[in-house]
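Using the numbering used here, the first residue of the sequence shown is number 122, and each one after it goes up by one. The beta carbon of each residue, even a glycine, is placed where N, CA and C say it ideally should be.
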Amino acid sequence: MGTAVDAANKETNGSLLDEKKVTVVFVLGGPGSGKGTQCANIVQHFGFTHLSAGDLLRAEIKSGSENGTMIQNMINEGKIVPSEVTIKLLQRAMRESGNNKFLIDGFPRNEENRAAFEAVTKIEPEFVLFFDCSEEEMERRLLSRNQGREDDNIETIRKRFKVFLESSLPVVEYYNVKGKVRKIDAAKPIEEVFEAVKAIFTSKDEKGKTKHSRVHWCGIL
Ligand code: UDP
Ligand code: MG
């Protein structure tokens, strides 16, 4: 019987999941915590493909898609775009990459994102890399980074922080309970943060799949 989930599965699995084992690491942390910067470093050293959900959504707006205006409005309000849209973009990018190791950056952002991704792709993340950073520091970075992003203004930034605390941190906690969270102190300089990241990606535990204990909860709260 063909449900919507089956159809979506088939779409991804056809050229990807059937043949190869797929490794996914979710990279989570507040806006401005350094996810994108560190993902670029991880790609260089560990052969992952970096998929930023935010970048995929911004590219979708630029492509003139019929969802473009809706996505733009959600981003400008700091709101979370419906899972269906984001998951389709992620699946397509995974298929087109030809790789089987992915850093999924900035997704899942709420419980619904998480459950829908799991239901559609049947993929469980290997672990969750969580960048822990104070709101003060993140705000400072966002206001000084000048990437020409419309949502990097103080009003939208405050909304993004609120959504992060209310909707995204519970996803990190969900994986924390499962012992899957690898927490990084992201307030440090880029090089120091990357040393900590490298240690996680090269750890024997990660390779041997030794069970990790739960981390102490984050400093943001
Ligand atoms: N966004 C979304 N779903 C996602 C990822 C991003 O709806 O899975 C939207 C959301 O409005 C968010 C914006 O895109 O505030 C920017 O996300 P991005 O990850 O690029 O920025 P960050 O918050 O990490 O700085
Ligand atoms: Mg980003």
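Heavy atom of the ligand FAD within 8 angstroms of residue i beta-carbon
i: Gly189; result: The ligand FAD is not among the ligands present in this structure, which contains only the ligand UDP and the ligand MG.
For residue i, the three-state DSSP class (helix, strand or coil)
i: Ser173; result: strand
i: Phe147; result: strand
i: Asn183; result: For the record, residue 183 in the displayed sequence is Lys; it is not Asn. Helix, per DSSP.
i: Phe228; result: coil
i: Val202; result: coil
i: Ile244; result: coil
i: Pro310; result: coil
i: Lys156; result: helix
i: Arg262; result: helix
Short CB-CB distance (under 9 angstroms) between residue i and chain D
i: Leu210; result: Checking the listed chains, one finds no chain D in this structure; it contains a single protein chain.
According to DSSP, residues forming a beta bridge with residue i
i: Lys304; result: Phe251
i: Lys222; result: Thr144
Residue environment, residue i, which counts as buried when at least 16 other CB atoms sit within 10 Å
i: Arg235; result: buried
i: Leu264; result: exposed
i: Gln212; result: buried
i: Lys183; result: exposed
i: Arg101; result: This structure cannot settle anything about residue 101, because the visible part of the chain is limited to 122 through 342.
i: Val298; result: exposed
i: Gln268; result: exposed
i: Thr399; result: Past the boundaries of the shown model lies residue 399; the chain is included only from 122 to 342, so the question cannot be answered.
Cutoff 8 angstroms; reference residue i; Cβ partners in own chain excluding five residues on either side
i: Asp202; result: Going by the sequence as given, residue 202 is Val instead of Asp. Counting only Cβ-Cβ distances below 8 angstroms, and skipping sequence neighbours, we find Leu178, Met191, Ile192, Met195 and Ile196.
i: Leu137; result: Low confidence applies here, because Leu137 scores a pLDDT of 49, under 50, leaving its location unreliable; read the following figure in that light. The answer, listed in chain order, is Val143, Met215, Arg216 and Asn221.
i: Ala161; result: His171
i: Asn239; result: Position check: residue 239 holds Glu in this sequence, whereas Asn was assumed. Around Glu239: Glu245.
Given 8 angstroms, three or more beta-carbon pairs between the stretch 221-236 and the stretch 185-195: no
The stretch 150-159 contacting the stretch 274-292, beta-carbon criterion three pairs below 8 angstroms: yes
Cβ pair count under 8 angstroms reaching 3, the stretch 238-252 against the stretch 183-192: no
Validate contact between the stretch 161-181 and the stretch 309-322 using beta carbons, cut 8 angstroms, 3 pairs: yes
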